[in-house]
Amino acid sequence: MLLTRIEKIGNSAALLLTDEMLKFLNIGFGDEVEVSAEADRSLVVRSLNESERKRLIEKATGNVLRHRESVYRRLAEGASEEQ
66 MLLTRIEKIG NSAALLLTDE MLKFLNIGFG DEVEVSAEAD RSLVVRSLNE SERKRLIEKA
126 TGNVLRHRES VYRRLAEGAS EEQ
C-alpha cells in the first residue's frame, strides 16, 4: 500500500505516485491510465498497454459510427449526388 496525497495543480488535482509505484504499474510520465471510482469510494488505477488502448479506441469508434450511422449515410448520399 502507498500513502500519498492529492496536490492542487491550477484548477485540477493530482495524485502523486512514487517512482516505485510507476515502475510497478509499468507506466511513466505522459502515459494514459484508466482511473475508476468504486462503490466503496476507492480509486482503481490501471495501466493501459498499447493493445488495450487500441481496443478501447476501436470500441469507442464503433459506438460513434453506430450512433450516427444515419447522418453519415445522408452525408455520403449528398456527396455522391454532387459528382
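Taking my numbering, I'd label the letters of the sequence shown as residues 66 to 148.
No residue lacks a Cβ here, since even glycine has one placed at the ideal position from N, Cα and C.
Note that the coordinates shown come from a computational prediction; the quantities given were computed from them, not determined experimentally.
Straight through space, the alpha carbons of K119 and K88 are spaced by roughly 22 Å. For L81 and I71, the gap between their C-alpha atoms comes out near 7 Å.
For S135, the three-state secondary structure derived from DSSP is helix. According to the DSSP assignment, L87 belongs to the alpha helix (DSSP H) that extends over D84 to L90.
For K73, DSSP records a beta bridge to A78. The C-beta distance from E103 to V110 rounds to 11 Å, too long to meet the 8 Å contact threshold. Between L113 and V98, the gap from beta carbon to beta carbon is short of 8 Å.
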